[in-house]
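Take any residue in the sequence shown, note its place counting from 1, add 38, and you have its number in our numbering. From the three backbone atoms N, C-alpha and C, an ideal C-beta is built for every residue, glycine too. Computed from a prediction, not measured in an experiment: that's the story for all the values here.
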Amino acid sequence: MTSDVEHAYSRRAAEYAEHLGSMSSVHPSDRQLVEAWADDVDGPLLDAGCGPGHWTAHLAGLGADARGVDQVPAFVEHARAAHPAVPFTVASVDALPDGAGTLGGVLAWYSLIHHEPAAVGRALAESARALRPGGRLLVGFFVGDELEQFDHAVVTAWRWPVGWLADELGAAGFEVVETHTRTGSPKGPRPHGAVLARSRG
Ligand SMILES: C[S@@+](CC[C@H](N)C(=O)[O-])C[C@H]1O[C@@H](n2cnc3c(N)ncnc32)[C@H](O)[C@@H]1O
39 MTSDVEHAYS
49 RRAAEYAEHL
59 GSMSSVHPSD
69 RQLVEAWADD
79 VDGPLLDAGC
89 GPGHWTAHLA
99 GLGADARGVD
109 QVPAFVEHAR
119 AAHPAVPFTV
129 ASVDALPDGA
139 GTLGGVLAWY
149 SLIHHEPAAV
159 GRALAESARA
169 LRPGGRLLVG
179 FFVGDELEQF
189 DHAVVTAWRW
199 PVGWLADELG
209 AAGFEVVETH
219 TRTGSPKGPR
229 PHGAVLARSR
239 G
């Protein structure tokens, strides 16, 4: 069944890839954070909800054993064409194709922002299943004082308080290692959060 999120991104995949599908559109401090995180990952790294695949390719270029999955076939086609040396697969973050305990790291960079809050735990638990004990998860998201939905350019998304995400991570089998937030501006980017967590195995 095609979800509203999949449908919305399928329609706008080309536009998204053109405007946001390269490392030049990434905030310098996010680039630094994700690179440092990936450097600490031991084993295969999955970019879960990779979109156009720019993060996947960037991390592979830095030496990571990186691959990407996204539920939107148009993104996977774009990623394969743009980065032929990097593996990309159509799959859901809620049902990863990876075996239990096989991954060293999962990057969920703004890929869970459209999940209904009650469904976020399932995606986190799926990452926990696929990660080896001690494996690392990095989640990028819109941060807010309250759990609330808003009109995102593609399809409805959610803001999460950091404490809410920490609780969800704890329930899914992770321990939070680091938290980063950045304030937004009225006409610029929205407030941003990133949480690094480790699988308790
Ligand atoms: C805001 S984009 C982020 C894309 C990329 N991670 C980036 O940083 O540019 C959200 C992405 O998550 C993907 N996504 C959302 N729900 C998903 C799901 N259940 N399974 C796989 N991908 C999903 C969308 O297709 C889209 O590519």
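- Listed as beta-bridge partners of Val214 by DSSP are Ala235.
- Every beta strand (DSSP E) stretch that sits fully inside the stretch 79 to 124 and reaches 3 residues is listed by chain position as 83 to 86, 104 to 108.
- Glu186 is bridged by DSSP to Arg197.
- The shortest C-alpha to C-alpha distance from Gln109 to any of Val124, His96, His92, Pro135 is the one to Pro135.
- Annotation: His116 to Glu186 spans about 32 angstroms, alpha carbon to alpha carbon.
- His230 places its beta carbon 9 angstroms or farther from that of Asp85.
- Per the coordinates, the alpha-carbon of Ala112 lies some 15 angstroms from the alpha-carbon of Asp42.
- At least one heavy atom of ligand 1 is found less than 8 angstroms from the C-beta of Asp108.
- Between ligand 1 and the CB of Glu44, the shortest heavy atom gap is smaller than 8 angstroms.
- If you compare the alpha carbons of Leu207, Ala156, Ala161, Ala232 with that of Val72, the shortest gap goes to Ala232.
- In this structure, DSSP gives Arg228 a state outside helix and strand, which the three-state scheme calls coil.
- Bounds of the alpha helix (DSSP H) holding Val158 are 155 to 168.
- Per DSSP, the unbroken alpha helix (DSSP H) holding Leu58 starts and ends at 42 to 58.
- Here Gly91 is buried. Its C-beta has 16 or more other C-beta atoms within 10 Å.
- DSSP lists no bridge partner for Val72.
- Annotated three-state conformation of Pro135 is coil, per DSSP.
- Going by beta carbons, Trp198 and Phe188 fall outside the 9 angstroms limit.
- By the C-beta criterion, the stretch 52 to 70 is judged not to be in contact with the stretch 161 to 176, since fewer than 3 inter-stretch pairs fall below 8 angstroms.
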